[in-house]
Amino acid sequence: MKKVLFLFAILCLSAAAVFAQDGVLTVDTSQSRGTISPFVYGSNLGQNAIIPLSMMDTAAAAGINFARLGGGDSDRYDLRKSIIEVFIFQARALGAEPLVTVRLAGGSPEDAAEAVRYANIERGHNIRYWSIGNEPNIFESTVGDDYTVERFNAEWRAIAEAMLEVDPDIILVGPDITQYVPLSVDGDNIVYSEGADGGHPRDSEGKDWLIEFLNANGDLVDVISFHRYPYPGLGATHDAIATIEDLRVNSQEWDTIVPNWRQIILDTTGREYPIAVTEVNSNSSLSCGGEASLDSFYNALWFADVLGRLINNQVDIAASWDMQGVGSRCYGLITSNGVRPIYYTYLMYTHFGSELLSADSSDPDVRIYAALRDDGALTIIVINLGPEEATKTLDLGDFEAAGDAEVWLFDASHNAEQQNSISLSSGAQITVPAQSMTLYVLPAA
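What follows is the structure, encoded as structure tokens:
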């Protein structure tokens, strides 16, 4: 009898070891976390981004719901009427809500007010979202002046007031600072990532760009916006700075950064604001042709996880940089006659639901995101950032599917392609390929 009990104990320990190695992916369908903002599926349409008419249907299929006219050119060139018209034509063709950036460096309140008057009064474009300038916390290097946050606040406010005088219903987004990465927040004690090249959290006088902006202009701004490029590529060459291993662990930072942004905003203003990440990618330079460069599959996989984390952290707007690029401008979703891997990231998310659910993984390399669709179907995204295939057990609680689940796969060999349907229920095991994004659609009972 003792021998039988001993063998039984060994079997139990073995099963537990296998289960621990296997891991669990949990989805809680019992309580909604709220509606996912459709504007998290956004991208930039810089002044050089022109979607060919032959590619418009392809571009529209990506499900881009928010389009921003911004970037460094916003402070290099005047916002001509022809630029507004081309941008609006493209944004409307995509079915995207437009945001227009007026010039700050070298601009004036009169020019900004005229842009609003032309677009919304004369032309009737009804552009709701506007921003003022692009990345003022790098103006010292781009503009060349000793540009302080005090100067920025005064210039931003003068332009904002002039724009609101023309159309008081516009929504102002700002400050569009870049590389503002708070690692921890304890009252006034904020620890930043000081190595975030391409931008600094404080100006030359030691004043915090975000806090000072909120103190000066929190009464006028409606949405608080940031840019983030973890590997800004400021070297002498355009080689990819990030490696696959770099990107594999990097996406975790968003679960720290976004809550810390919210805490700083709340501590400073006493209220909550919508959050926008109006530029995001792994690299701000023309990083092409590497294993984890902007045009690589792994960059697209990294962005899939970043987007999932932004959704989980209930960001209101997220816009990749950028929508279209040709040749050395390899950060676009589309080219003049084709698409890049990141395009398929967006294509996969077109199948994702709109009502966010809690989901959790016991494996840091295997991420899970879940949402309900309007028809009640449960949609699950599983992203395997690791180099090996992974087998996991699904815990879906009380959810019961009415039939087999649709399966969509995006990996190095499959471009957001539908696979054979499978039967899925709570307790079932799934195996996802190495370095892959898999989406399951379980019909509601």
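Here the sequence shown is numbered in this note's numbering, starting from 17 and rising by one per residue.
Don't be surprised by glycine CBs; every beta carbon is placed ideally from N, CA and C.
Since we're looking at a predicted model, the values are computed, not measured.
Candidates the options: which alpha carbon is nearest residue i's?
| i | options | result |
| --- | --- | --- |
| Ala121 | Ser98, Leu401, Gly343 and Gly87 | Gly87 |
| Thr74 | Ser344, Gln434 and Gly111 | Gly111 |
| Val274 | Glu433, Asp262 and Ile291 | Ile291 |
| Thr464 | Asp391, Ala428 and Leu394 | Because residue 464 is not part of the residues shown, which for the chain are 17 to 461, the question remains open. |
| Gly62 | Glu295, Pro152, His367 and Leu326 | Glu295 |
| Asp420 | Ala178, Ser441, Glu433 and Glu126 | Ser441 |
| Ser344 | Leu317, Val43, Glu416 and Ser303 | Ser303 |
| Pro125 | Met179, Ser98 and Gly203 | Met179 |
| Phe104 | Ala78, Tyr93, Asp91 and Gly140 | The residue you asked about is not Phe; residue 104 is Ile in the sequence shown. Comparing Cα-Cα distances from Ile104 to each of Ala78, Tyr93, Asp91 and Gly140, the minimum goes to Gly140. |
| Ser393 | Arg92, Val457 and Tyr365 | Note on residue identity: the sequence assigns Ala, not Ser, to residue 393. Of Arg92, Val457 and Tyr365, the residue nearest in Cα terms is Val457. |
| Val197 | Ala232, Val118, Phe242 and Asp379 | Phe242 |
| Asp332 | Ile240, Ile260 and Pro357 | Ile240 |
| Ala131 | Asp183, Phe82, Arg84 and Ala109 | Asp183 |
| His367 | Ser46, Ala375 and Thr395 | Thr395 |
| Val237 | Gly123, Phe319 and Ala176 | Ala176 |
| Asp379 | Lys408, Ser157 and Asp271 | Lys408 |
| Val56 | Ile137, Phe319 and Ser377 | Phe319 |
| Val207 | Ile280, Ala77, Thr158 and Ile438 | Ile280 |
| Ile257 | Ala232, Asp271 and Asn297 | Asn297 |
| Gln47 | Ala387, Ser439, Asp127 and Ala174 | Ala387 |
| Asp283 | Ala232, Asp204, Ile446 and Ser352 | Asp204 |
| Val118 | Asn81, Gly190, Cys346 and Pro54 | Gly190 |
Here's a check: name, in chain order, each residue in its chain whose Cβ is nearer than 6 Å to the Cβ of residue i, leaving out the five neighbours to either side.
| i | result |
| --- | --- |
| Ala444 | Leu410 |
| Gln340 | Ala65, Ile67, Gly348 and Ile350 |
| Asp321 | Ser267, Arg383 and Ile399 |
| Thr285 | Leu230 and Gly234 |
| Thr454 | Val398, Leu425 and Val448 |
| Gly215 | Asn153, Ile154, Thr194 and Gln195 |
| Asn329 | Val274 |
| Gln434 | Trp424 |
| Met17 | In this prediction, Met17 has a pLDDT of 40, which is less than 50 and means its spatial position is unreliable; nothing more can be read from the coordinates. |
| Ser452 | Asn400 and Asp427 |
| Phe168 | Pro152 |
| Ala107 | Ala83 and Pro114 |
| Ala109 | Met72 |
| Phe313 | Pro357 and Ala428 |
| Gly123 | none |
Our contact map puts residue i next to residue j with C-beta atoms below 8 Å; I'd like the distance itself, whole angstroms only.
| i | j | result |
| --- | --- | --- |
| Tyr245 | Asn299 | 6 Å |
| Trp146 | Leu115 | 7 Å |
| Leu401 | Arg264 | 5 Å |
| Ala450 | Glu405 | 5 Å |
| Tyr365 | Gly79 | 7 Å |
| Ala308 | Asn60 | Not confirmed; about 21 Å, so no contact. |
| Asp391 | Ala460 | 7 Å |
| Gly149 | Ser90 | 7 Å |
| Arg389 | Gly369 | 4 Å |
| Arg49 | Leu373 | 6 Å |
| Ile327 | Ile52 | 6 Å |
| Ser209 | Pro248 | With a Cβ gap of about 12 Å, Ser209 and Pro248 do not count as contacting. |
| Val201 | Asn142 | No, Val201 and Asn142 are not in contact; Cβ-Cβ is about 38 Å, not under 8 Å. |
| Leu310 | Ala77 | At roughly 21 Å, the Cβ-Cβ gap does not stay under 8 Å, so Leu310 and Ala77 are not in contact. |
| Val43 | Ala375 | 5 Å |
Which same chain residues, not among the five before or five after residue i, have their C-beta less than 7 Å away from its C-beta?
| i | result |
| --- | --- |
| Val165 | Asp219, Lys223, Trp225, Glu228 and Phe229 |
| Asn431 | Tyr360 |
| Glu171 | Leu120 |
| Glu221 | Thr164 |
Could you tell me the boundaries of the beta strand (DSSP E) in which residue i lies?
| i | result |
| --- | --- |
| Lys408 | Ala406 to Asp411 |
| Ile240 | Val239 to Arg244 |
| Gln268 | Note, Gln268: premise wrong, no beta strand (DSSP E); not H, not E. |
| Ile438 | His430 to Ile438 |
| Leu527 | Since the first residue shown for the chain is 17 and the last is 461, residue 527 is missing from the structure and cannot be characterised. |
| Gly58 | Gly58 to Asn60 |
| Glu422 | Ala421 to Asp427 |
| Gln47 | Val40 to Thr51 |
| Ile80 | Looking at the DSSP string, Ile80 is not in any beta strand (DSSP E), and its letter there is neither H nor E. |
| Gln445 | Gln445 to Val448 |
| Thr294 | Ile291 to Val296 |
| Leu394 | Leu394 to Asn400 |
Which first and last residues belong to the alpha helix (DSSP H) in which residue i is found?
| i | result |
| --- | --- |
| Asp379 | Taken as a continuous stretch (DSSP letters only), Asp379 belongs to no alpha helix (DSSP H), as it is neither H nor E. |
| Met72 | Met72 to Ala76 |
Excluding the 5 residues preceding and the 5 following residue i in the sequence, name in chain order all residues of the same chain whose CB lies nearer than 8 Å to its CB.
| i | result |
| --- | --- |
| Arg278 | Glu288 and Ile291 |
| Gly324 | Arg383, Tyr385, Ile397 and Ile399 |
| Ala32 | Because the pLDDT at Ala32 is just 37, under 50, the model does not fix this residue reliably, and the value given afterwards should be weighed accordingly. Nothing listed; no residue qualifies. |
| Lys97 | Tyr134 |
| Asp185 | Arg144 |
| Asn136 | Asn142, Ile143, Val182, Asp183 and Ile186 |
Beta strand (DSSP E) runs wholly inside the segment 313 to 373, at least 3 long, in chain order = 333 to 336
Counting only runs of 4+ residues fully inside the segment 99 to 172, write out the alpha helix (DSSP H) ranges in chain order.
-> 125 to 132 and 155 to 158
Any chance you could list the beta strand (DSSP E) runs of at least 3 consecutive residues sitting entirely within the segment 194 to 236, in chain order?
-> 198 to 202 and 205 to 208
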